[in-house]
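Number of protein chains: 2
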Amino acid sequence: MEHNSDRCRSHCPINFVLETFGDKWTLLVIRDLMFHGKRHYGEFLASDEGISTNILADRLQRLERDGIIEKEVDPSHRSKVIYRLSPKGRDLLPVLLEITRWSGKYDSKSNAPKAFLTELQKDRRRLAARVLATLDEADDR
Amino acid sequence: MEHNSDRCRSHCPINFVLETFGDKWTLLVIRDLMFHGKRHYGEFLASDEGISTNILADRLQRLERDGIIEKEVDPSHRSKVIYRLSPKGRDLLPVLLEITRWSGKYDSKSNAPKAFLTELQKDRRRLAARVLATLDEADDR
DNA sequence: CGAAGTACTTGTAAAACGCAAGTACACAGA
DNA sequence: TCTGTGTACTTGCGTTTTACAAGTACTTCG
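The following block contains the structure:
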């Protein structure tokens, strides 16, 4: 039983987190962390899309400030820094999966493997669980 | 049975559609179309976020070029233009819903209604169906 | 100790954006 | 028919952001 103003229909959600989703490089860094096992500054820098070093430094700082990633000096190699997704960051997986699905369906430039897209359609939960398990495995050491 | 290079773990998807997801204003326009029933240039312009008119014109043009929205002169008011989501555009709903979920969970500035978030968690399909039905209802005239 | 690796910082030119004003067409009333 | 208003843009320009190149600081390795 809703009688809304003309500014707002029967459902009226959403206020975006624009610094996260409205920025190209932020999403690419999260993608690299989530799917490509990247952890070091130089690895992000080496992505095909070619992020500039000053922009990367800025985005990593914002992501840490917003609690999406966590930063740690590599204990075994103290000139390196390890970046990891926090639980809040890992919880972005469903968003990335839906972007992957849409991208794979409509974008000819998508390079998502067919097996991945198929499993995404058939058993999304299992796929998500596997991705998260891989993250755990990589980070627990 | 996969043995990948170190550039690519056991799963290795994703190539983003960066012009769509990596841009703040593009996502906001899609949000307004999907959830707020907006159809006219002036309505997008009036969003709280305050998009500039030249940027709005640019984004609408890109969205139409990419087949995400469709443009039509309003038959009953020929100085007005109606913008609608295409099927490809409507298929972005799952992405927006996941963004809404994450945003509602972690962003204190999120203004998504609790009832919406609850239904999103409990019966995502029904919620999605309702949103799409509302779009159909609004566009079939 | 010197060279190479890693993570940044700084400077500068190019690009994108924000803001204000202006244009073009449709419509409604005098 | 003329005038004013509504709607959808376009244009110009100053500001901000980005891209590219170079430089700095700390660490590791031989």
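Protein chains in written order, with this note's numbering: chain D, 1 to 141; chain A, 1001 to 1141. Note that CB positions come from ideal geometry on N, CA and C, so glycine has one too.
Could you list which residues in chain D have their beta carbon closer than 8 Å to that of Pro1094 (chain A), in chain order?
Those within 8 Å of Pro1094 (chain A) in chain D are Glu98, Arg101, Trp102.
Do Ile69 (chain D) and Ser86 (chain D) come within 8 Å of each other at the CB atom, strictly closer than that value?
Yes.
Run through DSSP, which three-state label would Val1017 (chain A) get?
Three-state DSSP puts Val1017 (chain A) in coil, outside helix and strand.
At the level of alpha carbons, what is the spacing between Leu127 (chain D) and Leu1093 (chain A)?
Near 20 Å, if we compare the C-alpha coordinates of Leu1093 (chain A) and Leu127 (chain D).
In angstroms, rounded to a whole number, what distance separates the CA positions of Val95 (chain D) and Leu1097 (chain A)?
Taking the straight line joining both Cα atoms gives about 8 Å.
Can you name the residues of chain A whose CB is closer than 7 Å to the CB of Tyr106 (chain D)?
Ordered by position in chain A, the residues that pass the 7 Å Cβ test against Tyr106 (chain D) are Lys1088.
If contact is defined by three or more beta carbon pairs under 8 Å, each pair taking one atom from either stretch, is the segment 71-86 of chain D in contact with the segment 1070-1078 of chain A?
Contact fails: fewer than three Cβ-Cβ distances are below 8 Å.
How is the beta strand (DSSP E) around Arg1084 (chain A) delimited, first residue to last?
Where Arg1084 (chain A) is concerned, the enclosing beta strand (DSSP E) stretches over 1081-1085.
Does the beta carbon of Val1029 (chain A) come closer than 8 Å to any beta carbon on chain D?
For Val1029 (chain A), the answer is no, since every Cβ of chain D falls outside 8 Å of its Cβ.
Kindly indicate which three-state DSSP category Asp1023 (chain A) falls into: helix, strand or coil?
In the structure shown, Asp1023 (chain A) sits in a strand (DSSP, three-state: E or B).
Assuming Tyr1083 (chain A) contacts Leu1120 (chain A) under a Cβ cut-off of 8 Å, what Cβ separation, rounded to an integer in Å, is found between them?
Tyr1083 (chain A) to Leu1120 (chain A), Cβ: 26 Å. No contact.
Measuring only between beta-carbons, confirm whether Tyr1083 (chain A) sits less than 8 Å from chain D.
Tyr1083 (chain A) does not count as touching chain D.
Whose C-alpha, out of D:Gly22, D:Gly50, D:Val17, D:Gly67, is nearest the C-alpha of Asp32 (chain D)?
Closest by alpha carbon: D:Gly50.
Roughly how far, in whole angstroms, is the beta-carbon of Leu63 (chain D) from the beta-carbon of Leu56 (chain D), given that I think they are within contact range, below 8 Å?
Incorrect: roughly 11 Å between the Cβ atoms, too far for contact.
In angstroms with no decimal places, state the Cα-to-Cα distance between Tyr1106 (chain A) and Leu1117 (chain A).
Rounded to the nearest angstrom, the two C-alpha atoms are 12 Å apart.
Are Phe35 (chain D) and Ile1099 (chain A) close, meaning C-beta to C-beta below 8 Å?
Cβ distance not < 8 Å, so Phe35 (chain D) and Ile1099 (chain A) don't count as in contact.
In chain order, what residues of the same chain have a beta carbon less than 7 Å from the beta carbon of Ser47 (chain D), not counting five sequence neighbours either side?
Excluding positions up to five away in sequence, the list reads Leu28, Asp32.
Output, in chain order, the set of chain D residues within a Cβ distance shorter than 8 Å of Asp1091 (chain A).
In chain order: Trp102, Lys105, Tyr106.
Arg1007 (chain A) by DSSP, collapsed to three states: which one?
Low local confidence applies: a pLDDT of 36 at Arg1007 (chain A) is under 50, so the model's placement there is unreliable, with the coordinate-based value given in what follows. Coil at Arg1007 (chain A), not helix or strand.
Show which residues of chain D have a CB atom less than 7 Å away from the CB atom of Leu1018 (chain A).
Simply Lys24.
Can you name the residues of chain A whose CB is closer than 7 Å to the CB of Phe21 (chain D)?
Per Cβ cutoff of 7 Å: Phe1021, Leu1027, Ile1099.
On a Cα-Cα basis, can you pick out the residue from D:Ser103, D:Ser79, D:Gly42 that is closest to Lys1088 (chain A)?
The shortest C-alpha separation from Lys1088 (chain A) is found at D:Ser103.
Cβ atoms of Ala1138 (chain A) and Gly1042 (chain A): under 8 Å apart, would you say?
No. Outside cutoff.
What first and last residue would you give for the beta strand (DSSP E) that runs through Glu70 (chain D)?
Per DSSP, Glu70 (chain D) belongs to the beta strand (DSSP E) from 69-73.
So Ser103 (chain D) is in the alpha helix (DSSP H); what residue range does that whole segment cover?
Counting along the chain, the alpha helix (DSSP H) containing Ser103 (chain D) begins and ends at 93-106.
Cα-Cα, which of A:Pro1113, A:Arg1090, A:Arg1065, A:Ser1108 is closest to Val1147 (chain A)?
What is shown of chain A runs 1001 to 1141, which leaves residue 1147 (chain A) out entirely.
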